[in-house]
Each structure stands twice: as structure tokens, then as C-alpha cells.
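Chemist:
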Amino acid sequence: MRVKRVLIVVSILLVGILLVKINQTSQLKKQHQTLEAEYNNAQSRHESIHKIVSQPTVQKINLKASKVRVKQFIDIVQNNKASDYQNKLKDFTTLSVINQLTNTLAPSVQNSTLAHYDVPVVAVNKQWEDKAQFLVVAKKDVQSVAWQVTYDLHNQKVTAVSRLPLKGAFDNER
């Protein structure tokens with residue numbers, strides 16, 4: 001009789017331990033899944049950082065090509081009428097940027113012959129993984145205009161444009 005009681009107590013104890021271990025297993029499984037997801041996110045971030053750092057020549061080539069495209073874009077904006085933007089800028093930017101330029105940033109007074117602007121300065125202001133922000137200066141003999149242009153390196157399109165105030169823009173004007 002005593003052996004039966006001892007066996008019952010031991011069995012109950014073993015069943016209790018088994019239930020605790022099953023509960024711990026499910027909790028450990030959940031922890032494992034969250035840690036695995038965190039590890040995968042960290043690994044993908046590391047790969048993108050490694051990719052950026054390990055390919056500076058590719059980035060340099062992309063930035064050079066982007067500078068040329070941005071220079072061409074500002075040259076078209078400055079040296080053409082606002083009514084021509086729709087046709088001439090469609091390869092450079094999106095329709096929303098063209099509309100913004102046409103409605104808000106286009107010169108309010110258009111002569112029959114536009115004064116020619118040169119674009120001597122295109123400088124990288126900021127660069128992210130897939131975008132770059134450029135500062136551009138367009139000059140003619142009496143006036144200078146500064147632009148801030150955000151360029152998508154993957155799609156090779158201008159995504160945002162704004163005119164910047166330029167101190168002394170009319171200093172040479174007579």
C-alpha cells in the first residue's frame with residue numbers, strides 16, 4: 001500500500017514537472033521566433049550598410065551621373081518657358097513636380113526671348129541609400145538662382161524641387 005502511494009506521489013510530481021516543461025517549451029518557442037525575426041532584421045540592415053560601405057566607386061559613379069541629370073534638369077527649367085515643362089521634363093521627373101514648377105516656381109514674367117542661365121554649381125548636400133539632395137546654382141550676368149533638388153538614384157528621377165533664397169542675387173543688377 002505504501003509503495004502505491006509513493007508511486008502515485010512520484011507520478012503526480014513527474015506529471016507536474018512535465019506540464020511545467022511543456023509550458024516552458026512553448027514560451028521558449030515564442031522567444032526563439034521573436035529573436036529570429038530580430039536577427040533577420042539586423043542581418044538585412046547589416047547587409048545594406050555593408051553594401052553601401054563596400055561599393056564607394058559604384059556610389060561615386062551614380063552620383064556623377066546624377067549630377068549630370070540634375071544639371072540638365074535645372075538647365076531645362078531655367079532656360080525654357082513654363083508651358084514647355086510638360087514635354088521637356090517628362091523624362092526627368094514626375095508629373096507632380098512638373099505641376100509644382102509650372103504653378104509656383106515658374107518665373108512670373110516671361111520675355112519673348114529668355115535670358116540664358118548657366119549652371120556652374122551642382123553640389124551634393126546630403127545622400128541617403130537611394131536618394132541624394134543637391135544644391136544647384138544657375139547664373140546669368142545679372143542674376144543667380146539657387147535650387148534644392150532631391151533626386152532618386154534608383155529611378156533616376158527628380159522627386160522634389162524648391163527655390164532657395166540667395167543673398168546678393170541682384171548685386172550685379174544695374
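In the working numbering, the protein residues as written are 1 to 174.
We put the CB at the ideal spot given by N, CA and C, even for glycine.
Keep in mind the model is a prediction, meaning the values are calculated, not measured.
#1: Which residue from V3, L35 and V70 puts its Cα closest to that of A123?
#2: Kindly indicate the opening and closing residues of the alpha helix (DSSP H) around K140.
#3: For Q110, which of helix, strand or coil comes out of DSSP?
#4: So the candidates are K4, A138 and V3; which of them puts its Cα closest to the Cα of V149?
#5: Using the Cβ count rule (16 or more neighbours within 10 Å means buried), how would you classify T104?
#6: According to DSSP, is L89 part of a helix, a strand, or is it coil?
#7: On the three-state DSSP scale, how would you describe L135?
#8: Going by beta carbon distance, what residues of the same chain come within less than 6 Å of V68, once the five residues before and after it are set aside?
Modeler: So, from the data block:
#1: V70
#2: Careful: K140 lies outside any alpha helix (DSSP H) and carries neither H nor E.
#3: Since pLDDT at Q110 reaches only 49, below the 50 mark, its modelled position is unreliable, and the value read off the structure follows with that caveat. Residue state, collapsed to three classes: coil.
#4: A138
#5: exposed
#6: coil
#7: strand
#8: none
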